[in-house]
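There are 2 protein chains.
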Amino acid sequence: MEDNSLVTIRDIANKLGLSVSTVSRALNNNPRISVKTRRLVREYADKVGYEPNYNARNLTLQEANAVGVVFPVNERVIDNIFYVELLRGINKQLNKNNFVLSIAIGDTAESVMDSVSSMISRGKIKRFIIFYSHAGDPVIKLIDDAPVDYVTIGKPTHGNNWLYVDNDNRKAGADASQFLIDNFNIKHPVFIESTFGWPYEEDRRTGYLELLDKLGIKPLVFSIPEDQTDSVDEFIKEHPEIDGVVATDDYTGMKFYKRFRVMNDGRSVEVVGFNASLPKELVDEHFHSVNLFPKEMGKAAVDLLVKNDQEQLFGDQRFRIVDHEI
Amino acid sequence: MEDNSLVTIRDIANKLGLSVSTVSRALNNNPRISVKTRRLVREYADKVGYEPNYNARNLTLQEANAVGVVFPVNERVIDNIFYVELLRGINKQLNKNNFVLSIAIGDTAESVMDSVSSMISRGKIKRFIIFYSHAGDPVIKLIDDAPVDYVTIGKPTHGNNWLYVDNDNRKAGADASQFLIDNFNIKHPVFIESTFGWPYEEDRRTGYLELLDKLGIKPLVFSIPEDQTDSVDEFIKEHPEIDGVVATDDYTGMKFYKRFRVMNDGRSVEVVGFNASLPKELVDEHFHSVNLFPKEMGKAAVDLLVKNDQEQLFGDQRFRIVDHEI
DNA sequence: CTGAAAGCGCTTACAG
DNA sequence: CTGAAAGCGCTTACAG
Numbered sequence: 001m002e003d004n005s006l007v008t009i010r011d012i013a014n015k016l017g018l019s020v021s022t023v024s025r026a027l028n029n030n031p032r033i034s035v036k037t038r039r040l041v042r043e044y045a046d047k048v049g050y051e052p053n054y055n056a057r058n059l060t061l062q063e064a065n066a067v068g069v070v071f072p073v074n075e076r077v078i079d080n081i082f083y084v085e086l087l088r089g090i091n092k093q094l095n096k097n098n099f100v101l102s103i104a105i106g107d108t109a110e111s112v113m114d115s116v117s118s119m120i121s122r123g124k125i126k127r128f129i130i131f132y133s134h135a136g137d138p139v140i141k142l143i144d145d146a147p148v149d150y151v152t153i154g155k156p157t158h159g160n161n162w163l164y165v166d167n168d169n170r171k172a173g174a175d176a177s178q179f180l181i182d183n184f185n186i187k188h189p190v191f192i193e194s195t196f197g198w199p200y201e202e203d204r205r206t207g208y209l210e211l212l213d214k215l216g217i218k219p220l221v222f223s224i225p226e227d228q229t230d231s232v233d234e235f236i237k238e239h240p241e242i243d244g245v246v247a248t249d250d251y252t253g254m255k256f257y258k259r260f261r262v263m264n265d266g267r268s269v270e271v272v273g274f275n276a277s278l279p280k281e282l283v284d285e286h287f288h289s290v291n292l293f294p295k296e297m298g299k300a301a302v303d304l305l306v307k308n309d310q311e312q313l314f315g316d317q318r319f320r321i322v323d324h325e326i
Numbered sequence: 001m002e003d004n005s006l007v008t009i010r011d012i013a014n015k016l017g018l019s020v021s022t023v024s025r026a027l028n029n030n031p032r033i034s035v036k037t038r039r040l041v042r043e044y045a046d047k048v049g050y051e052p053n054y055n056a057r058n059l060t061l062q063e064a065n066a067v068g069v070v071f072p073v074n075e076r077v078i079d080n081i082f083y084v085e086l087l088r089g090i091n092k093q094l095n096k097n098n099f100v101l102s103i104a105i106g107d108t109a110e111s112v113m114d115s116v117s118s119m120i121s122r123g124k125i126k127r128f129i130i131f132y133s134h135a136g137d138p139v140i141k142l143i144d145d146a147p148v149d150y151v152t153i154g155k156p157t158h159g160n161n162w163l164y165v166d167n168d169n170r171k172a173g174a175d176a177s178q179f180l181i182d183n184f185n186i187k188h189p190v191f192i193e194s195t196f197g198w199p200y201e202e203d204r205r206t207g208y209l210e211l212l213d214k215l216g217i218k219p220l221v222f223s224i225p226e227d228q229t230d231s232v233d234e235f236i237k238e239h240p241e242i243d244g245v246v247a248t249d250d251y252t253g254m255k256f257y258k259r260f261r262v263m264n265d266g267r268s269v270e271v272v273g274f275n276a277s278l279p280k281e282l283v284d285e286h287f288h289s290v291n292l293f294p295k296e297m298g299k300a301a302v303d304l305l306v307k308n309d310q311e312q313l314f315g316d317q318r319f320r321i322v323d324h325e326i
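The listed protein sequences derive, respectively, from chains A and B. If you read the first sequence in our numbering, its first letter stands for residue 1, the second for the next number, and so on. If you read the second sequence in our numbering, its first letter stands for residue 1, the second for the next number, and so on.
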């Protein structure tokens, strides 16, 4: 590898006795250039370690080779684990497409909106991945109103029609319940959800309800409040029959599990959460979790945003569903 | 706010009967332009919602207004919580300086190095923040050999001399120990560390040792292996006197705490870890943690990298030390 | 199949 | 204090 910091297409053109236009086209594999010239240029460019200047290219094309990733404002810190795995999947796929990853993250919706606005109008970024999907969110609205493409992680609420990546949460809810019943002979699994009513929660609950209905088991659903524990304790006292828990996410599951053990003098109960976000050192053997493969979700998001050859395979689908596993 | 998507300095120049050069200088607050003209241009630019084109600016200046953030390859997922908080602090400060945040993250050192190389040679990024500081790391070496500035999170090992942000880990180790002794009347605190021997571990241990020496308490140090628990159990059995734990980080502390409770029939012990990474729902009231203020650390890293007016205050210091709190 | 030229939107040395 | 011009490194319509 030689010193490449100064090599431009003009240098290559001069050296090979070609014009700048021809070298540019050859490097972009333009079929109008003879195969022989294309190869000549490519080989020479490789040899001298030519690296295209993204700023020049983006200025010409009026479009950045970057994807803007938008973090939620008020998330639970535990979700950060999931987000970073998403980033890993996204960046890997982005690199394959010679794209770059830019981040919008902040403490308030205003600061995130500032970042995003700047990315669009100053950075000429035309593609975004949003790490949440709440309808009515001002950042999503901002992006939706701009002439850019975007994908959310998570299905939008009914009525909205943007690109998204998600899991089959109904099936995942059923699978989690089935897992408990099959492996631990659970008779009275409860479904624990948050009070937010996110779409993924509803789907997981539906999966739980459908399975229990099919098996003739009486369902039981409880919404766990974010802050206080009194009602949780009461609920646990009222339902001594509970021998298994399907929780809408790991955090919620852990919260319930802690109270359950306190209320039952350390007795355990089998729990299944979602996200596989807690390292095994932080939980015990009674706590299980559905792996949603965040890296795969990140990759799928990029595939939706950056058109590949294989894009045709997917046709007009506005979403990608990623597998899960327990 | 009017339609700003097409406003360039040329448009402003034409409208105001000025030259492009003057408008450019006025917007950059160049003192060679009269105050009156500067204000005129600024006000008109604001009115029409002018947004500078970063690609054009970066092409001209041969330098991107971006900071590249480098993630470690093999980290514990629990650390992701800390990293995202760092990102929040970094991005906030970056936005103030009209900088953009770019990410290099991958599964292997090779893929991270590819990202970083591309950022440097194609993206013209000249500033990096690295989320770790292992001397000998190939990514750090790559960056160190390039004509760019960088800051690591964490002090480099002895002999290296790059910019960094860190906490006063020796004092933090002493403070954590003091906290246990003061609040829980602990007589036999043990220090638990990993087998990696990171610089921050050594400093925290030193703080612990110095304090215990000062107080005339006999110290006890144990390295907890990453994978197996046998030696941990044995250690616990050999030291029934242990009534408090200072752990090198939350993860290590939690690992020890779990084994301790198993080995002592559920009996608790007071633990202090570092990072404040575990939400209180996941730990109990006996588990404490030193907050290292990752947002502040992120901000400090940006300040080291992007020269501000107040830069002079710091003089030639090659690092920033951020407070901690327990 | 290849080239000369214009243009993307900035900054800045040079000139006045 | 202000301006005309060159240049950053690309892509692409137009021409041959």
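Where is the CB? At the ideal position from N, CA and C, for every residue including glycine.
**Study point:** Span separating the alpha-carbon of Val-41 of chain A from that of Pro-52 of chain A
**Key:** 14 Å
> Residues of chain A with a CB under 9 Å from the CB of Ala-64 of chain B: which are they?
Replying inline: Tyr-54 and Asn-55
(message) If you reduce the DSSP assignment to three classes, tell me which class Ile-78 of chain A lands in.
(response) coil
Asp-250 of chain A: buried (16+ other C-beta within 10 angstroms of its C-beta) or exposed? buried
Check: Just by C-beta distance, which residues in the region 103 to 124 of chain A are closer than 8 Å to chain B?
Finding: Ile-103, Ala-104, Ile-105, Gly-106, Asp-107, Ser-111, Asp-114, Ser-115, Ser-118, Met-119, Ser-121, Arg-122, Gly-123 and Lys-124
Check your understanding: Three-state secondary structure (DSSP) at Val-306 of chain B?
Key -> It is coil, neither helix nor strand.
Cross-chain neighbours of Asn-95 of chain B in chain A, by beta carbon under 8 Å
Gly-106, Ser-111, Asp-114, Ser-115 and Ser-118, listed in chain order.
Practice item. Could you give the DSSP three-state label for Ala-66 of chain A: helix, strand or coil? Key: strand
* Neighbourhood of Ile-9 of chain B by C-beta, 6 Å cutoff - its chain only, sequence neighbours within 5 removed -> Val-20, Val-23 and Ser-24
| message | Taking the beta carbon of His-324 of chain B as the centre, do at least 16 other beta carbons fall within 10 Å, making it buried, or is it exposed? | response | Under this definition His-324 of chain B is a buried residue.
inquiry  = Assuming Ala-172 of chain A is part of the alpha helix (DSSP H), what are its boundary residues?
reply    = 169 to 184
### Message
Could you tell me the alpha carbon to alpha carbon distance between Arg-170 of chain B and Val-190 of chain B, rounded to whole angstroms?
### Response
16 Å
Problem set entry | beta strand (DSSP E) runs contained entirely in the region 206 to 260 of chain A, provided each spans 3 or more residues | 221 to 223 and 244 to 247
In or out: Val-221 of chain B buried (at least 16 other Cβ within 10 Å) or exposed?
exposed
* Closer than 6 Å: Ser-289 of chain A CB and nearest the ligand SAM heavy atom -> Looking for the ligand SAM in the displayed structure turns up nothing, as the structure carries no ligands at all.
query: What did DSSP end up calling Tyr-54 of chain A once you bin it into helix, strand or coil?
result: helix
Query raised in the report: Secondary structure at Tyr-200 of chain B, three-state DSSP: helix, strand or coil?
Result: helix
Am I right that Ile-326 of chain B and Val-272 of chain B are in contact with their C-beta atoms under 8 Å? What's the rounded C-beta distance? 7 Å
_Tell me the residue span of the beta strand (DSSP E) that contains Val-290 of chain B._
Counting along the chain, the beta strand (DSSP E) containing Val-290 of chain B begins and ends at 287 to 290.
Checklist entry - Can you name the residues of chain A whose CB is closer than 7 Å to the CB of Leu-101 of chain B? => result What Leu-101 of chain B touches in chain A: Ser-102 and Ile-103.
* Between the Cα of Thr-152 of chain B and those of B:Leu-18, B:Met-297 and B:Val-116, spot the shortest distance and give me the residue it belongs to. => B:Met-297
Beta carbons nearer than 8 Å to chain A: which residues of the region 246 to 276 of chain B have them? Tyr-251, Met-254, Lys-255, Lys-258 and Gly-266
List, in chain order, every chain A residue whose beta-carbon is nearer than 7 Å to that of Asn-74 of chain B. Ordered by position in chain A, no residue passes the 7 Å Cβ test against Asn-74 of chain B, which lies about 12 Å from the chain.
Item to complete: Could you tell me whether any Cβ in chain A is nearer than 7 Å to the Cβ of Asn-91 of chain B?
Response: yes
Inset, instruction - Report yes if the CB atom of Val-290 of chain A is closer than 7 Å to the CB atom of Ala-174 of chain A, and no otherwise. - result: Going by C-beta atoms, Val-290 of chain A is not nearer than 7 Å to Ala-174 of chain A.
- Task: Using the Cα positions of Pro-219 of chain A and Phe-71 of chain B, report the straight-line distance between them to the nearest angstrom.
- Result: 44 Å
Would Tyr-54 of chain B pass as a contact of Arg-122 of chain A if the rule is Cβ separation under 7 Å? Less than 7 Å divides the Cβ of Tyr-54 of chain B from the Cβ of Arg-122 of chain A.
Item checked: Within-7 Å CB hit, Asp-309 of chain A to chain B -> The predicted position of Asp-309 of chain A is uncertain, since its pLDDT is 45 and thus under 50; a value taken from the coordinates is nonetheless stated next. So no, Asp-309 of chain A is outside the interface.
Where the beta strand (DSSP E) through Ser-102 of chain B begins and ends = Counting along the chain, the beta strand (DSSP E) containing Ser-102 of chain B begins and ends at 100 to 104.
How many angstroms separate the CA atom of Arg-318 of chain B from the CA atom of Asp-114 of chain B?
28 Å
query: Does the Cβ of Glu-193 of chain B have 16 or more other Cβ atoms within 10 Å, making it buried, or fewer, making it exposed?
result: buried
### Message
Once the 5 residues before and after Thr-339 of chain A are set aside, which same chain residues still bring their CB inside 7 Å of it?
### Response
It is not possible to answer for residue 339 of chain A, since the shown part of chain A is limited to 1 through 326.
Coarse secondary structure for Val-41 of chain A, derived from DSSP in three states
helix
| In chain A, which residues lie less than 8 Å from Asn-81 of chain B when you measure between Cβ atoms? | The question names Asn, but residue 81 of chain B is Ile in the sequence shown. Neighbours of Ile-81 of chain B on chain A, chain order: Val-77, Ile-78, Asn-80 and Ile-81.
#### Entry: Min CB distance Arg-88 of chain A to chain B below 7 Å
yes
Kindly say whether Leu-304 of chain A, judged by its beta-carbon, lies nearer than 7 Å to any beta-carbon of chain B. no
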